[in-house]
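**Q** Remember, my numbering sits 33 above the position in the sequence shown when you count from 1.
Think of the CB as a built atom: it goes at the ideal place given N, C-alpha and C, for glycine as much as any other residue.
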Amino acid sequence: VISLRFVPFTGQNSVPAGDGGSGKDPLLNFVGFNRGIPEFESRLMPEGSAVTPGPFIIYSSGYSKNKELNTHEPGHVIQFILLGGYRLYVPLIAIPSLITVDKPYHNEMPWEKSANQLWFWFTGESHPNNPLYIDKSKK
């Protein structure tokens, strides 16, 4: 059974109280494109974190403009494209990254460092906390 009910327009982009609205940010909010890469924010992500589950990025709420994250996560999108999609990206990049995320050596792992390097080669953008293999601009 489908039930439809008219909810009067209140001039706000929210569901009126009592009609299922929680007053919280949406679970997944599209925030824009970073050089063509779709970016989202989610209140479900731990604060200050991000994940690249494929050809898009999900940041924790308010962190899509964080330079440390947005000069690293887009590199994972490049890896995704170079590896031809999920078949190789998941076992070679996504799973190892999730396994080592809380380890002190995480940023030095090849799947992480190569994401930084690819984004640097593609855009010239990097962050001091994101190690590179090669940076000829520092000469």
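Below 7 Å, is the gap between the Cβ of L116 and the nearest heavy atom of the ligand SAH?
**A** The model depicted lacks the ligand SAH and carries no ligand whatsoever.
**Q** Using the Cα positions of L131 and P143, report the straight-line distance between them to the nearest angstrom.
**A** For L131 and P143, the distance between alpha carbons rounds to 13 Å.
**Q** With a threshold of 16 other CB atoms inside 10 Å of the CB of Y92, please say whether the residue is buried or exposed.
**A** Classification for Y92: buried.
**Q** Who pairs with P71 in a beta bridge, going by DSSP?
**A** Looking at the DSSP assignment, P71 forms a beta bridge with F66.
**Q** Closer than 8 Å by C-beta to I114: which residues in its own chain qualify, once you throw out the five before and the five after it? Chain order, please.
**A** Contacts found: P88.
**Q** Within 10 Å of its beta-carbon, does Y138 have 16 or more other beta-carbons around it, so buried, or fewer, so exposed?
**A** Classification of Y138: exposed, given that the 10 Å Cβ count is below 16.
**Q** Applying the criterion that 16 or more other CB atoms from any shown protein chain within 10 Å of the CB defines a buried residue, is L61 buried or exposed?
**A** Answer is exposed; the Cβ neighbour count stays below 16.
**Q** According to the neighbour-count rule (16 or more other Cβ atoms, all chains shown, within 10 Å of its Cβ), is Y122 buried or exposed?
**A** So Y122 counts as buried.
**Q** Please go through the same chain and pick out, in chain order, the residues whose beta-carbon is closer than 7 Å to the beta-carbon of V64, but skip the five residues on each side of it.
**A** Excluding sequence neighbours, V64 sits near E72, F73, E74, S97.
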